[in-house]
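Everything on this sheet refers to the single structure shown next.
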């Protein structure tokens, strides 16, 4: 065997050994910036981190089955067979529903805020959602594919999540947030706008 063939074989074996196991999600292409926007409590500086999470599965699970996502918030993976209806919620929505919404091209805008900051934050997120009219969404229904939802378990103040992409921020930097939305809105395997489910009246999984 030639020296080149040996080196090629070794390189292939090394790549195989270093590759993640099938089905093991990873986050790659992580980048962090520090815009000049004021931080949201309890944070002391503004940071924005974006990353890509290549999908290793899109399998459906029965609604309310426990799914152990390796990252929070998840940007891909197994999810419930039903998706959350697009719109704004006052209480948390299980991520199994939200991941399916993202598979349909939605962007989830999840937030964790102090009571005196929530109204202004949600109002800005609503402005961003309302500014986009989606031609795939039927007249009379929600005009765009956004889900705005509180999540007190976030490690950051604000997370924007699209299929395979995540934006994590300790501040509301509208410029970078809207750039993320522009880049990833409706960029998903199932690009469609159809009504999902709203089980908030029963507590989703109550």
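In mature numbering (1 follows the signal peptide of the UniProt record, and there is no 0), the protein residues as written are -17 to -1, 1 to 189.
C-beta atoms are modelled at their ideal positions from N, C-alpha and C, and glycine is treated no differently.
Straight across, the Cα-Cα distance linking residue 34 with residue 131 is about 20 Å.
Within the DSSP bridge table, the entry for residue 35 names 11, 148 as partners. If you check the CB distance, residue 65 and residue 186 do not come in under 8 Å. Residue ranges of uninterrupted alpha helix (DSSP H) with 4 or more members, entirely inside the stretch 88 to 116 and ordered along the chain, are 98 to 113. Contact between residue 111 and residue 144 does not hold, since the beta-carbon distance rounds to 14 Å and is not under 8 Å. Taking the Cβ atoms as the reference, residue 152 lies roughly 19 Å from residue 11, outside the contact range of under 8 Å. For the 8 Å CB-CB criterion, residue 75 and residue 25 do not form a contact. Residue 141 is bridged by DSSP to 94, 152.
A straight-line Cα-Cα distance of about 11 Å links residue 140 and residue 156. If you compare the alpha carbons of 56, 41, 83, 61 with that of residue 50, the shortest gap goes to 61. With contacts defined as CB atoms closer than 8 Å, residue 36 and residue 59 qualify as a contacting pair.
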